[in-house]
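J.: Okay, here's the structure, questions in a sec.
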Amino acid sequence: MEFKTIVGLEIHSELKTKSKIFCGCTTEFGGEVNTQCCPVCLGLPGSLPVVNKKVIDFAIKTGLSFNCDIARYSKMDRKNYFYPDLVKAYQISQYDLPLCSNGGIEIEKADGTKKEIRLIRIHIEEDTGKSLHGLEDVSLLDYNRSGVGLVEIVTQPDISTSEEAVLFLDELKATLEYLEVSDVKMEQGSLRCDVNVNVVSLDGTLKSNISEIKNLNSFKAVQKAIEFETIRHTELLKKGENTKKDTRRWDSENNTTLFMRDKQHVQDYRYFPEPDIVDFEISEEWIQDIKDNLPELPKARKNRFMSEYGIPAYDANVLVRDKKLANYFEEICKGFKDAKLVSNWIMTELLRRMNLEEVTLEELKFSVEDLIVLFTQLSESKISNGSAKKVFREMFEEGKKPLDIIEEKGMAQISDDSFIEGLVNEVLVANPEAIEDIKNGKDRAIGFLVGQVMKKSRGKANPQMVSELIKKKC
Numbered sequence: 343m344e345f346k347t348i349v350g351l352e353i354h355s356e357l358k359t360k361s362k363i364f365c366g367c368t369t370e371f372g373g374e375v376n377t378q379c380c381p382v383c384l385g386l387p388g389s390l391p392v393v394n395k396k397v398i399d400f401a402i403k404t405g406l407s408f409n410c411d412i413a414r415y416s417k418m419d420r421k422n423y424f425y426p427d428l429v430k431a432y433q434i435s436q437y438d439l440p441l442c443s444n445g446g447i448e449i450e451k452a453d454g455t456k457k458e459i460r461l462i463r464i465h466i467e468e469d470t471g472k473s474l475h476g477l478e479d480v481s482l483l484d485y486n487r488s489g490v491g492l493v494e495i496v497t498q499p500d501i502s503t504s505e506e507a508v509l510f511l512d513e514l515k516a517t518l519e520y521l522e523v524s525d526v527k528m529e530q531g532s533l534r535c536d537v538n539v540n541v542v543s544l545d546g547t548l549k550s551n552i553s554e555i556k557n558l559n560s561f562k563a564v565q566k567a568i569e570f571e572t573i574r575h576t577e578l579l580k581k582g583e584n585t586k587k588d589t590r591r592w593d594s595e596n597n598t599t600l601f602m603r604d605k606q607h608v609q610d611y612r613y614f615p616e617p618d619i620v621d622f623e624i625s626e627e628w629i630q631d632i633k634d635n636l637p638e639l640p641k642a643r644k645n646r647f648m649s650e651y652g653i654p655a656y657d658a659n660v661l662v663r664d665k666k667l668a669n670y671f672e673e674i675c676k677g678f679k680d681a682k683l684v685s686n687w688i689m690t691e692l693l694r695r696m697n698l699e700e701v702t703l704e705e706l707k708f709s710v711e712d713l714i715v716l717f718t719q720l721s722e723s724k725i726s727n728g729s730a731k732k733v734f735r736e737m738f739e740e741g742k743k744p745l746d747i748i749e750e751k752g753m754a755q756i757s758d759d760s761f762i763e764g765l766v767n768e769v770l771v772a773n774p775e776a777i778e779d780i781k782n783g784k785d786r787a788i789g790f791l792v793g794q795v796m797k798k799s800r801g802k803a804n805p806q807m808v809s810e811l812i813k814k815k816c
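Letter by letter, the sequence shown follows residues 343 to 816 of the numbering used here.
Structure follows, in C-alpha cells:
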C-alpha cells in the first residue's frame with residue numbers, strides 16, 4: 343500500500359519593531375538576561391498593555407504581500423496555558439478574528455511545475471521567554487524575548503513533500519526580508535517553524551493522526567523532520583498501528599523526533615477576548631496607504647533582473663533570494679554592464695569563498711569599485727580568466743587593490759600581434775603532427791597548441807588571439 347504525506351506549517355516570525363508589542367521595552371537581540379523586561383511584558387498585577395501600532399502595520403503589510411483578505415475589525419484574545427516561559431500563564435494572541443485570512447504563496451519546483459500553498463490566516467501575538475537548559479536538575483529563564491511582537495502564519499495542509507516545504511519557507515523568508523518586517527535570522531530565533539505531519543493511503547482507507555514538531559529553526563531541520571515523520575507514520579500504519587496525536591521536538595544530533603506531550607486542542611486554551619485591550623477597526627485608507635508603499639518583492643525583482651539585465655532565470659532566482667546580495671549585484675552593474683559576467687562571478691567565486699570563510703557581504707575586505715576594476719580588466723582582455731581568479735583570491739584574503747596585484751605579479755596579458763605570432767610560429771614548427779590532426783578535423787589539437795603557446799608566454803598571451811591565429815595558420 344502506498345501513502346502520501348500531508349503537511350501544514352505554522353511559522354512564527356519576530357517583527358522588527360524597536361519596542362515590544364504591548365510595552366516600550368526594546369526588542370534588541372543579545373541583551374543581558376532579564377534586563378529588557380518590565381511589569382507589562384511580565385504581566386505583573388496592575389500593569390496594562392497598549393498595542394504597538396507598528397505591529398499591526400507590519401502584519402497588514404505581510405498579508406497584502408501574500409494576497410490575504412485584511413480584516414476591517416479585529417481584536418486580541420487571551421490564550422490560557424501554563425508554561426514557565428510565560429510569567430502570567432497566558433498569552434495575548436488572536437483567535438477567531440485574525441488580522442489576515444486566506445491568500446497564498448506560489449512555489450516553483452525543480453521540474454518547473456508550480457503549486458499554490460494556501461494560507462489559512464496571519465495573526466499577531468506576543469512571543470514567550472526563552473528557556474535555558476543544560477544545568478543538572480535546573481532550567482533557567484530569560485524573559486527578554488517575552489512580549490516581542492510576532493506574526494504567526496498558518497498554511498492549509500497543501501504541502502506534500504519536504505521539498506515543497508523548503509521552497510515555501512524560502513519564498514516566505516525572502517518576502518519578509520524584502521518587506522523589512524523581520525530580520526528572519528533563524529539562528530537568533532526570529533523565524534521558527536512548527537510542522538504538522540500525517541500520511542494517508544492513496545485509496546483513502548488509512549490515515550495517521552497528526553504529529554506536530556515544534557520550534558524548528560532551520561530549513562534543513564524542517565526537511566529532515568518531515569522525512570522522518572513520513573517514514574515513522576507509514577511504518578506504523580503498515581503494521582496495523584497508528585500514531586498518537588502528539589507534540590514532538592526535533593533531535594538534531596540523532597536525526598529523530600522525540601515525544602513531548604499529547605497534542606493540545608483549541609478548547610484546552612480557553613480563549614476569551616482580552617479585557618485589557620480595546621478592539622480595533624482598520625480603515626480602507628489605512629490598508630491603502632500600506633499597499634501604496636509596498637516594496638518590490640522577490641518574484642517581481644526576479645522578473646526584472648531577467649528582462650533588464652538579460653540573465654537566465656536560475657541566476658536571477660539565486661540573486662533575489664537574499665536582498666543584500668541582489669542589492670550588491672545591482673550596485674556592481676551600475677559601473678559594469680556585463681551583467682552575466684557579474685552574476686557568474688557572484689554565484690561561483692564570491693559565494694563559494696564567502697561560504698568557505700563564513701563571512702558576510704559587510705565583512706568583505708574589498709569594495710564594489712574594486713570588483714568593477716577587476717571585471718573591467720578581464721572583459722578588456724588585459725588579464726586572463728585564470729589570472730582574474732588569482733587576483734580575486736588576494737583581494738578576498740588581503741584586501742589589496744586589483745591593479746596593484748596585477749602589477750606586482752606581472753599578470754598583465756600580452757595582446758601584441760607580432761609577439762603572439764612569433765610564439766605561435768615556434769610552437770607550430772615544433773608540433774607538425776598537431777597541425778596534421780587539425781587538418782584531419784581533430785579540434786582537440788587546437789587546445790593542445792594553445793596550451794603550448796601559453797606555456798611559452800608564462801600565461802601572459804591572450805588565449806583568444808592565440809586560438810584564432812592557430813586556426814588561421816592551420
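Every residue, glycine too, gets a C-beta built ideally from N, C-alpha and C.
Assuming leucine 703 and leucine 667 make a contact with CB atoms under 8 Å, what is their CB distance in whole Å?
T.: Between leucine 667 and leucine 703 the Cβ distance is about 7 Å, and since that is below 8 Å, they are a contact.
J.: Answer with buried or exposed for proline 440, where buried requires no fewer than 16 other C-beta atoms within 10 angstroms of its C-beta.
T.: Buried is the call here.
J.: Three-state secondary structure (DSSP) at glutamate 623?
T.: Residue state, collapsed to three classes: strand.
J.: When the Cβ atoms of the segment 534-545 are set against those of the segment 347-356, are three or more pairs found closer than 8 Å?
T.: They touch, by the three-pair rule.
J.: For glycine 793, count the other beta carbons within 10 Å of its own beta carbon; 16 or more makes it buried, fewer makes it exposed. Which is it?
T.: Its Cβ having fewer than 16 others within 10 Å, glycine 793 is exposed.
J.: Give the secondary structure of tyrosine 415 by DSSP, where H, G and I count as helix, E and B as strand, and everything else as coil.
T.: In this structure, tyrosine 415 counts as strand in the three-state DSSP scheme.
J.: Helix or strand or just coil, what does DSSP make of methionine 648?
T.: It is helical.
J.: Could you give the DSSP three-state label for glutamine 433: helix, strand or coil?
T.: Note: glutamine 433 maps to strand in three-state DSSP.
J.: Indicate whether leucine 390 and lysine 633 have their beta-carbon atoms separated by less than 8 Å.
T.: In this structure, lysine 633 does not lie closer than 8 Å to leucine 390 by Cβ.
J.: On the DSSP letters alone, give me the boundaries of the beta strand (DSSP E) that cysteine 675 sits inside.
T.: Premise fails: cysteine 675 lies in the alpha helix (DSSP H), 665-677, not in any beta strand (DSSP E).
J.: Would you check if there are 3 or more beta carbon pairs closer than 8 Å linking the segment 514-527 to the segment 476-484?
T.: Contact between the segment 514-527 and the segment 476-484 is absent, because fewer than three Cβ pairs lie under 8 Å.
J.: Taking DSSP as the reference, what is the three-state secondary structure of proline 805?
T.: DSSP places proline 805 in helix when its eight states are reduced to three.
J.: Ignore the nearest five residues each way along the sequence and tell me which others in isoleucine 629's own chain have a CB closer than 7 Å to its CB.
T.: Same-chain partners within the cutoff: Ile402 and Ile412.
J.: Can you have a look at valine 480 and say buried or exposed, based on whether 16 or more other CB atoms are within 10 angstroms of its CB?
T.: That one is exposed.
J.: Identify whether proline 440 lies in helix, strand or coil by the three-state DSSP scheme.
T.: DSSP places proline 440 in coil when its eight states are reduced to three.
J.: Locate the beta strand (DSSP E) running through phenylalanine 601, then write down its first and last residues.
T.: From DSSP, the beta strand (DSSP E) with phenylalanine 601 extends over 598-604.
J.: What three-state label does DSSP hand threonine 702 in the structure shown?
T.: Correct three-state label for threonine 702: coil.
J.: If we count Cβ pairs, one from each stretch, closer than 8 Å, do we get three or more for the segment 483-502 versus the segment 450-469?
T.: Short answer: they touch.
J.: Just mark glycine 388 as buried or exposed, buried being the case when its beta carbon has 16 or more other beta carbons within 10 Å.
T.: So glycine 388 ends up on the exposed side.
J.: Determine the closest residue to isoleucine 725 out of Glu749, Ser709 and Val710, with distance taken between C-alpha atoms.
T.: Among Glu749, Ser709 and Val710, the Cα nearest to that of isoleucine 725 belongs to Glu749.
J.: Can you find at least 3 beta carbon pairs, one from the segment 764-779 and one from the segment 735-747, that sit closer than 8 Å?
T.: Flag = no, the segment 764-779 and the segment 735-747 do not touch.
J.: Does the Cβ-Cβ distance between serine 685 and aspartate 657 come in under 8 Å?
T.: Closer than 8 Å, so yes.
J.: Check whether the segment 486-494 touches the segment 363-376, counting contact only when three or more Cβ pairs, one atom from each stretch, lie closer than 8 Å.
T.: Short answer: they touch.
J.: Where do the N-terminal and C-terminal ends of the beta strand (DSSP E) with phenylalanine 345 fall, by residue?
T.: Element bounds for phenylalanine 345: 345-356.
J.: Can you check which of these residues, Glu571, Glu616 and Gly531, is closest to threonine 585 by C-alpha distance?
T.: Comparing Cα-Cα distances from threonine 585 to each of Glu571, Glu616 and Gly531, the minimum goes to Glu571.
J.: For my contact list, lysine 858 and aspartate 604 are in at a C-beta cut-off of 8 Å; report their separation, rounded to the angstrom.
T.: This structure gives no information on residue 858, because the portion of the chain shown stretches from 343 to 816.
J.: If you drop the 5 nearest sequence neighbours on each side, which residues of the same chain put their C-beta closer than 7 Å to that of cysteine 410?
T.: Within the same chain, cysteine 410 has close Cβ partners Cys442, Ser443, Asn444, Gly445, Leu461 and Ile464.
J.: Can you name, in chain order, every residue of its own chain whose Cβ lies under 7 Å from the Cβ of serine 361, other than the five neighbours on each side?
T.: Only Cys367, Thr368, Thr369 and Asn394 meet the Cβ criterion.
J.: Have a look at serine 502 and isoleucine 568 and give me their C-alpha separation to the nearest angstrom.
T.: Distance between the alpha carbons of serine 502 and isoleucine 568 is about 10 Å.
J.: For the candidate residues Leu579, Ala563 and Ile619, whose alpha-carbon lies nearest to that of glutamate 595?
T.: Here the closest residue by C-alpha is Ala563.
J.: On the premise that proline 744 lies in contact with valine 710, defined as a C-beta separation below 8 Å, what is that separation, rounded to the nearest angstrom?
T.: Not confirmed; about 12 Å, so no contact.
J.: Please list the terminal residues of the continuous beta strand (DSSP E) segment that includes threonine 497.
T.: Segment 491-497, the beta strand (DSSP E) holding threonine 497.
J.: Between glutamine 436 and glutamate 467, which are expected to be in contact by the criterion C-beta below 8 Å, what is the C-beta distance as a whole number of angstroms?
T.: Sure, about 6 Å apart at Cβ, within 8 Å.
J.: Helix or strand or just coil, what does DSSP make of phenylalanine 708?
T.: Note: phenylalanine 708 maps to coil in three-state DSSP.
J.: If you draw a straight line from the alpha carbon of phenylalanine 510 to that of leucine 636, how long is it in whole angstroms?
T.: Near 21 Å, if we compare the C-alpha coordinates of leucine 636 and phenylalanine 510.
J.: Looking at the strands, I want to know which residues DSSP matches up with phenylalanine 614.
T.: For phenylalanine 614, which the question treats as bridged, DSSP gives the partners Arg420.
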